[in-house]
Amino acid sequence: MSLILDSSVTAAWIYGDETTDPVRHVLSLVTMSGAWVAGLWRVEIANILEAGVRRRRTEAAFRDATLADLALLPIQIDQEMNHHAWSTTLQLAERHRLTLYDAAYLELALRRRLPLATLDMELRSAASAEKVVLLGM
């Protein structure tokens, strides 16, 4: 089973105090079967980790090791995100009052017809309305 992975679930893996059994299950699925992410996922994850360093939640060595570990996972970056940004993604954002960043994950889940792993409540609500299978909670 492949799935769409967003940055909220990834952040919950990164910071152990945010990890839950459903998040561990998603990590297991990703490890076994891979995942797809929106083209902005790497920037979002690097930003989350850099913010952790700046807030002194973690050290730069943790950030760098985490990025190296994530790079080993069978995660595919969607190359079509930009082609849909000003059409389908924008329409989804408008219809569900999402950020374009969140709508990019929803668009990807719809286009690839895959479950979406997210902890973001607004994105979960929009995905549910669009009949997307949800993981992560």
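Numbering of the sequence shown is given in the working numbering, commencing with residue 1154 and proceeding in unit increments. The beta-carbon is built from N, C-alpha and C at its ideal position, and this holds for glycine as well.
field: Contact under 9 angstroms by Cβ, GLN1261 with VAL1179
entry: Taking the first residue of the sequence shown as position 1, residue 1261 is located at position 108. Taking the first residue of the sequence shown as position 1, residue 1179 is located at position 26. As written in the sequence, residue 1261 is Leu, which differs from the Gln given in the question. No, the Cβ-Cβ distance between LEU1261 and VAL1179 is not below 9 angstroms.
query: Between LEU1251 and ALA1191, what straight-line distance do the alpha-carbon atoms span, to the nearest angstrom?
result: For the purposes of this step, residue 1251 is identified with residue 98 of the sequence shown, where counting begins at 1. For the purposes of this step, residue 1191 is identified with residue 38 of the sequence shown, where counting begins at 1. The C-alpha of LEU1251 lies about 15 angstroms from the C-alpha of ALA1191.
- prompt: Given LEU1220, which residues of its chain have a CB within under 8 angstroms of its CB, disregarding the five upstream and five downstream residues?
  reply: Within the sequence shown, residue 1220 is the residue found at index 67, counting from 1. Answer for LEU1220: ILE1198, ALA1199, LEU1202, listed in chain order.
Euclidean distance between Cα positions of GLU1275 and ALA1213: Taking the sequence shown and counting its residues from 1, the one referred to as residue 1275 is at position 122. Taking the sequence shown and counting its residues from 1, the one referred to as residue 1213 is at position 60. Cα-Cα distance, rounded: 31 angstroms.
- prompt: Given a threshold of 16 other Cβ atoms within 10 Å of its Cβ, counted over all protein chains shown, does ASP1159 qualify as buried or as exposed?
  reply: Counting from one through the sequence shown, the residue named residue 1159 turns up at place 6. By the 10 Å Cβ count, ASP1159 comes out buried.
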